[in-house]
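If you use my numbering, the sequence shown corresponds to residues 1360 to 1670, in order.
Cβ atoms here follow ideal geometry from the backbone N, Cα and C, with glycine treated the same way.
Okay, so here's the structure we're looking at.
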Amino acid sequence: MATNKKTAEAEEHVRQAEKCIKTSWTKWKADFDGAAHEYEKAGLCYRHAKTYEKAKEMYMKAADCHRQCKALFHAGKAYEQAAVALKDMKEYEEAVHLIKRAAMLYREHGTGDTAAISLERAAKMIETINASEACNLYVSASEIAENEERLRQAVELLSKAARLSVKARDFDKALQLLEKTRNLYDIVENLGAVYKLIAVTVLIHLHRNDFVAASKVCQVAMSVDGYAMDECSVLLEELLEGFDQQDQEAINKVLLMPYFTYLDNDYVKLARSLRVPGGGGSRPKKTAGGASGGQDGEEDEEEDEYAGGLL
1360 MATNKKTAEA EEHVRQAEKC IKTSWTKWKA DFDGAAHEYE KAGLCYRHAK TYEKAKEMYM
1420 KAADCHRQCK ALFHAGKAYE QAAVALKDMK EYEEAVHLIK RAAMLYREHG TGDTAAISLE
1480 RAAKMIETIN ASEACNLYVS ASEIAENEER LRQAVELLSK AARLSVKARD FDKALQLLEK
1540 TRNLYDIVEN LGAVYKLIAV TVLIHLHRND FVAASKVCQV AMSVDGYAMD ECSVLLEELL
1600 EGFDQQDQEA INKVLLMPYF TYLDNDYVKL ARSLRVPGGG GSRPKKTAGG ASGGQDGEED
1660 EEEDEYAGGL L
């Protein structure tokens, strides 16, 4: 009964919207603003009735009406509402497409911050479905935030893209994103974050058995303020020594230090799966305090998505 009532309400709003658009001898100009609001009310009713295809249709019509009025911000919001209906239908690709359209309208309207937030929402929506596209969305959102001189927002978004690239094992892209993220953290004077990303960069190079590149990262890092005196530099030196000597036990000992076990979870997994060339040795075991389990306390028996490295 409730569904039927909402459907009836939606249909009445549609009739009112069509009435707003219709012209006659006594009404020469269509009322697109009034129609847009009626279509939005219809879309909401259809959503409550779980008639998502109709809800999407209503929000798309609302967006068209808002664009007729050159109300770009409101048109963007209508596209986002249509995307929500598509999400309910699990039509994620089309939903992301509409959110991108909304972001373009927000930027044209001069509200870049809203555009960045909408792209971030889209990225979160598809992280587990299309990691590569989600990463691109985070990067686009970060670029918009940077152009708006919202550097802290920009670096947070770029950090998400970097972590997602590591999780997806796209290490070439991850290295590029980590470098840009480090640069932004340096600008906002968060040196602690810079050191951690230096450590992650070294881990990636070692995963690829590129000892020379890993060593070079540490050498260049010596020019970063405070790095030489930080715990990170000492631990990375010990890690490189263990890798050079092909001493898996020494590597495990370093990777069990809190500095590594309390990185972001995807980076913890990266550290735990590091092996000396040839794949010898075992991964670090969980200590009595569960340190090597990462921040979310994952079980040690969990399948390690990086097991065996990339070779």
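- Met1448: not part of any alpha helix (DSSP H); DSSP gives it neither H nor E.
- In the DSSP assignment, Gly1585 falls outside any alpha helix (DSSP H) and carries neither an H nor an E.
- DSSP, read as helix, strand or coil, puts Glu1507 in coil.
- Counting the other Cβ atoms within 10 Å of the Cβ of Asp1625 gives 16 or more, which makes it buried.
- A check of alpha carbon separations from Val1635 across Glu1507, Leu1594, His1564 and Phe1619 identifies His1564 as the nearest.
- When only Cα atoms are considered, Ala1513 and Asn1363 end up about 46 Å apart.
- Contact check for Ala1421 against Ala1462 fails: the beta carbons are separated by 7 Å or more.
- Counting along the chain, Glu1486 sits inside no alpha helix (DSSP H), nor does DSSP assign it H or E at all.
- Membership of Thr1540 in the alpha helix (DSSP H) is indicated by the continuous run Phe1530 to Ile1546.
- Between Arg1460 and the set Glu1399, Leu1496, Ile1546 and Met1581, the nearest pair of CA atoms involves Leu1496.
- Sequence-distant partners of Thr1540 (beyond 5 residues in either direction) whose C-beta falls short of 7 Å from its own C-beta, in its chain, are Val1514, Leu1517, Ser1518, Ala1521 and Leu1556.
- Relative to Leu1615, the option among Ile1485, Asp1606, Glu1507 and Arg1631 whose CA is nearest is Arg1631.
- Taking C-beta atoms as the reference points, Thr1382 and Ala1408 fail to come closer than 7 Å.
- In the structure shown, the three-state DSSP call for Thr1560 is helix.
- Relative to the Cα of Val1443, the nearest Cα in the group Ala1490, Leu1431, Glu1399 and His1425 belongs to Glu1399.
- Contact between Glu1507 and Asp1472 holds: CB atoms are separated by about 6 Å, below the 8 Å threshold.
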